[in-house]
Amino acid sequence: MAAAAILPELAAQVVIPVAAAVGIAFAVLQWALVSKVKLTAEPRRGEAGGAAGGKSGPSDYLIEEEEGLNDHNVVSKCAEIQTAISEGATSFLFTEYKYVGLFMSIFAVLIFLFLGSVEGFSTKSQPCHYSKDKTCKPALANAIFSTIAFVLGAVTSLVSGFLGMKIATYANARTTLEARKGVGKAFITAFRSGAVMGFLLAASGLLVLYIAINLFGIYYGDDWEGLFEAITGYGLGGSSMALFGRVGGGIYTKAADVGADLVGKVERNIPEDDPRNPAVIADNVGDNVGDIAGMGSDLFGSYAESSCAALVVASISSFGINHEFTPMVYPLLVSSVGIIACLITTLFATDFFEIKAVSEIEPALKKQLIISTAVMTVGIALVSWLGLPYTFTIFNFGAQKTVQSWQLFLCVAVGLWAGLIIGFVTEYYTSNAYSPVQDVADSCRTGAATNVIFGLALGYKSVIIPIFAIAFSIFLSFSLAAMYGVAVAALGMLSTIATGLAIDAYGPISDNAGGIAEMAGMSHRIRERTDALDAAGNTTAAIGKGFAIGSAALVSLALFGAFVSRAAISTVDVLTPKVFIGLIVGAMLPYWFSAMTMKSVGSAALKMVEEVRRQFNTIPGLMEGTTKPDYATCVKISTDASIKEMIPPGALVMLTPLIVGILFGVETLSGVLAGALVSGVQIAISASNTGGAWDNAKKYIEAGASEHARTLGPKGSDPHKAAVIGDTIGDPLKDTSGPSLNILIKLMAVESLVFAPFFATHGGILFKWLRDVIVVILFLFFLLILIVILALALTLIIVPVLILVIVIFSTIVVITPSFTIGFRVPILVLIIPFLFRGIFITSIIVALIFSILIVSLLIVIIIRLTIILVLRNRFSFAFAENPLGEGSKTNLSFEMRY
């Protein structure tokens with residue numbers, strides 16, 4: 061037996077919750093520091109108590125005071141705008157959560173029914189799936205605990221998104237006010253606010269997962285295979301809520317953004333976030349519900365799924381077989397160390413160094429990524445040394461692969477550094493400091509068409525290096541530690557999630573801060589500072605999306621491996637027709653999904669543009685600034701459109717694995733998952749980077765920071781309008797379709813894994829009973845045709861006979877009143893055409909009634925046949941003989957045994 065890990069079980073049980081508690085405490089501390097910025101007017105220097113404890117020197121004076129503006133009025137306006145944004149975001153999320161809560165309830169019932177029916181809702185223990193010589197808990201227990209885990213993951217995801225939104229709306233106006241004191245103060249406020257969200261989400265996700273494992277373990281005991289199979293519901297819950305959050309929030313924010321830009325910037329030539337624009341509040345609300353709440357749920361889902369994928373594989377490896385707790389929770393230990401590493405990294409941005417110039421903002425954010433990666437590498441080495449035995453075995457598709465602890469360290473490290481590479485490549489292709497975006501901006505000289513062409517080319521080209529990085533990570537990690545290596549590589553990429561989320565949330569907070577400064581009528585110097593913060597935030601947001609997409613690819617592959625093992629698929633052969641048709645369909649799904657989400661944004665934006673135009677054209681004094689626009693109507697348009705339009709894409713993703721698994725079986729489903737993974741990753745990277753490049757090309761022209769940029773500007777010039785059009789096209793790509801695609805590939809994989817027991821037992825009914833179904837359908841179809849032909853034939857025979865009878869009768873029995881036409885005509889002869897028409901119509905109606913009855917019968921027979929075929933393996937029929945003997949009247953009966 062191999063040596064045990066150095067870190068004892070008790071220490072592991074303590075380290076994980078303590079690290080989570082430290083993360084939560086640090087988030088609370090950062091929130092308290094942000095709260096020190098008050099949304100009230102500060103007393104002027106020299107007034108009572110005004111300078112107490114303050115620094116000396118002219119740099120501490122407020123710009124508004126230097127320019128003689130009314131400070132109290134500015135602060136009150138900022139507070140008013142912040143309240144409007146917060147109320148709009150809260151209202152939308154509550155509305156969204158009502159619909160999502162209904163879905164969550166229905167899907168939880170489906171999980172219970174499908175998984176419980178695997179063994180007929182039996183409460184008896186069963187042989188374990190991977191270790192047949194051992195006994196595991198019944199399938200009914202797996203159904204119950206998977207459902208509970210699903211609800212836990214869903215609720216945690218919703219709470220993470222909601223708290224992130226509240227923190228962002230709490231900090232946006234405070235960032236604006238701090239910008240009066242300098243760009244460094246504003247940067248610290250925005251970054252600390254992002255850190256609150258990052259640490260709160262990372263720590264709460266870890267803590268809830270740890271508590272769930274320990275509580276479920278009370279029932280499961282030594283059945284770790286069943287325990288961690290049930291835990292996969294946690295990842296399913298997190299990702300399913302993230303899907304609706306990303307899609308719904310993305311539609312909301314981009315509908316408002318497109319409407320505000322097209323009418324405000326292009327048609328009316330007013331600045332971005334101008335208070336005269338009716339869509340400006342909806343636009344700022346969208347930043348919080350899409351880029352904050354949706355992104356938070358998305359990254360939480362990635363974290364939950366990567367942890368669950370690693371735990372599932374570990375439970376059937378030597379860790380789970382030998383019940384070694386410390387190496388079993390190795391993924392949770394990695395996440396725990398990640399929280400501490402990110403805490404140290406955050407201090408470099410907020411306490412150790414101070415931002416003194418605009419040019420230092422973006423390098424400071426990039427240093428966060430580098431420092432966190434370097435510190436985390438040391439942390440991974442420490443955890444791998446203390447938390448793993450030197451030699452152990454990992455499950456590898458039915459066999460056990462011998463692995464050493466240093467190999468697992470390399471798997472996590474390669475995922476971590478691959479994430480950094482993807483981040484920097486994304487920055488290169490989306491930052492206006494480099495030539496790709498500058499080339500896109502230069503293409504605006506000749507109009508929007510060339511801008512679109514250059515932007516699309518940039519997006520396609522930006523896929524190359526990230527795919528090579530992902531491919532190398534997969535090859536190395538799989539070679540070293542099979543699918544478990546891939547799972548922990550994904551976890552390594554997400555191990556610095558607290559810092560990644562802090563950087564991601566920083567962007568929308570800075571964007572909101574700039575909008576508030578514009579709407580409050582603050583100095584242009586303040587707007588320049590917030591624009592600089594926002595420009596850096598756009599680039600880092602693109603980096604965060606690159607991390608999310610790269611980790612989604614690794615997570616999906618790990619979940620795919622776990623699904624293949626659980627569904628007892630020996631090989632996934634693409635030359636098999638069942639697999640190949642799934643591969644083709646799966647590769648198509650990201651395109652279908654992207655089409656749905658982009659059209660949804662377009663439909664919502666169309667309504668928004670029409671409303672903004674209507675207000676500009678019909679409200680007197682709006683352009684002059686003497687009348688306030690109707691912000692509420694635009695907010696309602698975005699809310700209604702996003703709630704309505706998020707359902708079809710969500711249904712596509714959630715129902716596809718169920719339909720394919722039940723009707724076509726696990727082999728076809730494996731093809732669908734592989735196709736969606738390969739196709740989805742490419743489209744997601746391309747869409748996100750294309751949209752990000754168009755956005756920063758526009759900002760490059762607007763900023764006019766270089767001689768080249770000034771030749772393309774200023775705002776309102778033809779190149780600038782072309783750049784705005786490109787940015788508008790890219791909005792749904794980078795903020796709706798692109799980010800949502802990584803959820804698609806993860807969610808389909810984890811859903812397939814959760815339902816794998818049901819699919820393996822009852823799936824593939826079309827392939828199993830296809831011949832029987834086709835024969836019955838053809839028989840009933842020809843029977844229907846025969847009956848219709850007979851009905852029409854009878855009609856053609858009966859109608860002439862009736863006409864002949866009527867004519868003969870009318871010539872014998874003649875009632876001949878006098879008519880003005882000059883001669884006598886039998887009245888029955890006159891009504892013959894009307895009788896013929898009535899009889900013919902009646903005959904057609906009779907034929908249609910017969911047809912409808914036959915079609916109804918056909919549908920009923922098919923449904924009943926399908927039920928019988930599905931339940932054929934679940935029921936047996938035993939015919940009882942007549943108990944009265946042969947001489948009595950025959951009494952044939954049967955009983956149905958469940």
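With our numbering applied, the sequence shown corresponds to residues 61 to 958, in that order.
For glycine and all other residues, C-beta sits at the position ideal for the given N, C-alpha and C.
Distance check for residue j and residue i, CA to CA, integer angstroms please.
i, j, result
"F174", "S165", "14 Å"
"I524", "V485", "10 Å"
"A459", "Y390", "21 Å"
"G823", "E179", "14 Å"
"V738", "Y651", "12 Å"
"T590", "L793", "25 Å"
"W445", "S419", "41 Å"
"P77", "L266", "8 Å"
"A239", "M436", "32 Å"
"V134", "T249", "19 Å"
"A71", "Y270", "14 Å"
"Q90", "I84", "10 Å"
"F528", "V474", "13 Å"
"S503", "N749", "17 Å"
"V94", "A255", "11 Å"
"D778", "D334", "20 Å"
"Y274", "C368", "For clarity, residue 274 is Asn in the given sequence; the question names Tyr instead. N274 and C368: Cα-Cα distance of roughly 14 Å."
"T98", "E140", "According to the sequence shown, residue 98 is Lys rather than Thr. Approximately 13 Å, taken between the alpha carbons."
"Y494", "F457", "45 Å"
"A501", "A199", "59 Å"
"I208", "M301", "15 Å"
Over what stretch of residues does the beta strand (DSSP E) that includes residue i continue unbroken?
i, result
"A459", "459-464"
"I454", "451-456"
With distances taken from CA atoms, which of the options is nearest residue i?
i, options, result
"K416", "K98, F607, V243", "V243"
"Y363", "V94, N802, I431, V474", "N802"
"K192", "G176, G277, V135, E285", "E285"
"E727", "T699, Q428, L826", "L826"
"F205", "P187, K759, G176", "G176"
"A549", "G298, F528, L470", "L470"
"D571", "L712, V345, A612, E69", "V345"
"P568", "V97, V74, I145, E140", "I145"
"G597", "P423, V169, A290", "P423"
"V438", "I454, T556, A547, V326", "T556"
"F620", "V88, I376, S730", "S730"
"F288", "G398, D317, I440, A370", "A370"
Taking buried to mean at least 16 other C-beta atoms within 10 Å of its own C-beta, is residue i buried or exposed?
i, result
"P449", "buried"
"P680", "exposed"
"H768", "exposed"
"K806", "buried"
"T490", "buried"
"W466", "exposed"
"H780", "buried"
"E670", "exposed"
"T600", "buried"
"E684", "exposed"
"I845", "exposed"
Go to residue i, then tell me how far its alpha helix (DSSP H) extends in each direction, as first and last residue.
i, result
"H383", "No alpha helix (DSSP H) contains H383, which DSSP labels as neither H nor E."
"V512", "508-521"
"P779", "778-792"
"H768", "767-772"
"P817", "816-822"
"L322", "Counting along the chain, L322 falls outside any alpha helix (DSSP H), and DSSP gives it neither H nor E."
"N572", "557-579"
"T796", "Counting along the chain, T796 falls outside any alpha helix (DSSP H), and DSSP gives it neither H nor E."
- Message: Under 8 Å, with one C-beta from each stretch per pair, do the region 681-693 and the region 335-353 reach the 3-pair mark?
- Response: yes
- Item | Stretch pair the region 569-585 + the region 530-550: three plus CB contacts closer than 8 Å | no
- Task: Mind the definition here: the region 555-570 touches the region 631-647 only if three or more C-beta pairs lie below 8 Å; say whether that holds.
- Result: no
- Message: Counting beta carbon pairs with one atom in the region 476-485 and one in the region 709-718, are three or more of them shorter than 8 Å?
- Response: no
- the region 61-75 / the region 379-394 touching (three or more Cβ pairs under 8 Å): yes
- Task: Check whether the region 150-160 touches the region 303-318, counting contact only when three or more Cβ pairs, one atom from each stretch, lie closer than 8 Å.
- Result: yes
- Segment contact, 8 Å Cβ cut-off, at least three pairs: the region 701-711 with the region 611-620: no
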